[in-house]
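Peer 1: One structure is given below, represented as structure tokens, and several questions about it will come after.
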Amino acid sequence: MKKITIAIDGFSSTGKSTVAKMLAKELDYIYVDTGAMYRAVTLFAMRKLFIKDGHFDKEGLIRNLFLVSVNFKLNPVTGIADVYLNNENVEKEIRTLEVSNFVSPIAAISEVRQLLVQKQHEMGKEKGIVMDGRDIGTVVFPDAELKVFMTASADERARRRYDELIAKGDDVSFEAVLENVQKRDRLDTSREDSPLVQADDAILLDNTYTNIEDQFHILLQLAKDRIYGRC
Ligand code: DC
3 MKKITIAIDG
13 FSSTGKSTVA
23 KMLAKELDYI
33 YVDTGAMYRA
43 VTLFAMRKLF
53 IKDGHFDKEG
63 LIRNLFLVSV
73 NFKLNPVTGI
83 ADVYLNNENV
93 EKEIRTLEVS
103 NFVSPIAAIS
113 EVRQLLVQKQ
123 HEMGKEKGIV
133 MDGRDIGTVV
143 FPDAELKVFM
153 TASADERARR
163 RYDELIAKGD
173 DVSFEAVLEN
183 VQKRDRLDTS
193 REDSPLVQAD
203 DAILLDNTYT
213 NIEDQFHILL
223 QLAKDRIYGR
233 C
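Here's what the structure looks like:
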């Protein structure tokens, strides 16, 4: 059966990864969460003190990027690949609001993007992949057979992220989460290198009022149409 590349881009907390995972599982494709890769580099920067007391030593991080290795390894319990920073599973550590607050400036650095995009190309070279992020359909795989661009209102996205963090036991306010969502939207869409934009040939999915199951079925149909050459 023909294998395709599926690129899912969009704003933060639009549920990209949830629906991308469901799609990958159904099609028996590899799933790659590229946001996790930018988060892992952010965690590296925080741990090595390139980010400290609100100060960010960008040049220091760039000089030390050769020390960063980001990989994925299958978690046999969840059936999904976890992200590893220098051979340490950091899946949990990268999901904090603190990492979310620093990740956009890190993702704006061209040297960081080059490092991670190279890795993303390697992972997708055999196709049979669902990759989610911000620049997958525009920069990483501009020839992807299926491109989807996901959006939802900022309030709805903040509510989803807030519920997730509270369920994990994090002590956060809704206002702080909303502010983070809005700030990241601004930074991700306005950066010079690979800004978040909808590719001309991407299908727009606004899921403010659409549940996950319905989104999954819409995307699965779109994928099957391409796999079986119906479009
Ligand atoms: O999807 P996420 O919220 O985990 O992504 C974290 C940040 O990483 C997001 O604010 C923008 C950045 N990112 C990016 O610039 N390019 C990607 N392909 C994926 C994420």
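The sequence shown begins at 3 in our numbering and counts up one residue at a time. We treat Cβ as the ideally placed atom computed from N, Cα and C, and that holds for glycine. These figures come from a predicted structure and were not determined experimentally.
(1) Could you tell me if E124 is buried or exposed, where buried requires 16 or more neighbouring beta carbons within 10 angstroms of its beta carbon?
(2) Should the stretch 101-114 be regarded as contacting the stretch 185-200, the criterion being three or more beta carbon pairs within less than 8 Å?
(3) Could you please give the first and the last residue of the uninterrupted beta strand (DSSP E) stretch that includes T153?
(4) Starting from L206, follow its DSSP beta bridges and name the residues at the other end.
(5) Measuring only from the beta carbon, is D55 closer than 6 Å to any heavy atom that is part of the ligand DC?
(6) Out of D11, Y31, E166, which has the shortest C-alpha to C-alpha gap to M3?
(7) My parser needs the beta strand (DSSP E) runs of 3 or more residues fully inside the stretch 51-98; what are they?
(8) Going by beta-carbon coordinates alone, are V132 and I205 separated by less than 7 Å?
(9) Between R136 and the ligand DC, is the CB less than 6 Å from at least one heavy atom?
(10) Taking CB distances under 7 Å as the criterion, tell me whether E124 reaches chain D.
(11) Tell me the start and end of each unbroken beta strand (DSSP E) in the stretch 107-153 that is at least 3 residues and wholly inside, in chain order.
(12) Please classify Q116: is it buried, with 16 or more other beta-carbons within 10 angstroms of its beta-carbon, or exposed?
(13) Can you tell me which of the three DSSP states T44 falls into?
(14) Compute the distance between the beta-carbons of V72 and M39, then report whether it is under 7 Å.
(15) In this structure, how does DSSP classify G37 when only helix, strand and coil are distinguished?
(16) Given that a residue counts as buried once 16 or more other Cβ atoms are within 10 Å of its Cβ, and exposed if not, what is N88?
(17) Assuming I10 and K18 are in contact, meaning their beta carbons sit under 8 Å apart, how far apart are those beta carbons, in whole angstroms?
(18) Along the chain, where does the alpha helix (DSSP H) containing D216 start, and where does it finish?
(19) With which residues is I8 paired in a DSSP beta bridge?
(20) Who are the Cβ neighbours of K27 in its own chain at under 6 Å, not counting the five residues just before and after it?
Peer 2: Taking the definition as stated:
(1) Residue numbering aside, residue 124 sits at position 122 when the sequence shown is read from its first letter. By the neighbour-count rule (16 or more Cβ atoms within 10 Å), E124 is not buried but exposed.
(2) yes
(3) Position 151 of the sequence shown, counted from the first residue, corresponds to residue 153. Segment 148-153, the beta strand (DSSP E) holding T153.
(4) Against the sequence shown, residue 206 aligns to sequence position 204. The partner list for L206 (beta bridge, DSSP) reads F151.
(5) Locating residue 55 in the sequence shown gives position 53, where the first residue counts as 1. The answer is no for D55.
(6) Taking the sequence shown and counting its residues from 1, the one referred to as residue 3 is at position 1. Nearest of D11, Y31, E166 to M3, Cα basis: Y31.
(7) 72-76, 83-87
(8) Stepping through the sequence shown from its first residue, residue 132 is reached at position 130. Stepping through the sequence shown from its first residue, residue 205 is reached at position 203. No.
(9) Within the sequence shown, residue 136 is the residue found at index 134, counting from 1. Yes, since a heavy atom of the ligand DC falls inside the 6 Å radius drawn around the Cβ of R136.
(10) Looking at the structure shown, chain D is missing, and only one protein chain is on hand.
(11) Whole beta strand (DSSP E) segments, 3+ residues: 131-135, 148-153.
(12) As a first step, residue 116 must be located in the sequence shown, where it is residue number 114. It is exposed - the Cβ of Q116 has fewer than 16 other Cβ atoms within 10 Å.
(13) For the purposes of this step, residue 44 is identified with residue 42 of the sequence shown, where counting begins at 1. Taken through DSSP and simplified to helix, strand or coil, T44 comes out as helix.
(14) Locating residue 72 in the sequence shown gives position 70, where the first residue counts as 1. Locating residue 39 in the sequence shown gives position 37, where the first residue counts as 1. Yes, they are a contact pair.
(15) Locating residue 37 in the sequence shown gives position 35, where the first residue counts as 1. Helix at G37.
(16) The residue you call residue 88 lines up with position 86 of the sequence shown. So N88 ends up on the exposed side.
(17) Numbered from its first residue, the sequence shown carries residue 10 at position 8. Numbered from its first residue, the sequence shown carries residue 18 at position 16. So it is a contact: roughly 5 Å between Cβ atoms.
(18) Stepping through the sequence shown from its first residue, residue 216 is reached at position 214. Note, D216: alpha helix (DSSP H), 214-229.
(19) The sequence position of residue 8 within the sequence shown is 6, counting from 1. I8 is bridged to V132, L148.
(20) Here the question's residue 27 lines up with position 25 in the sequence shown. Here the set comprises nothing.
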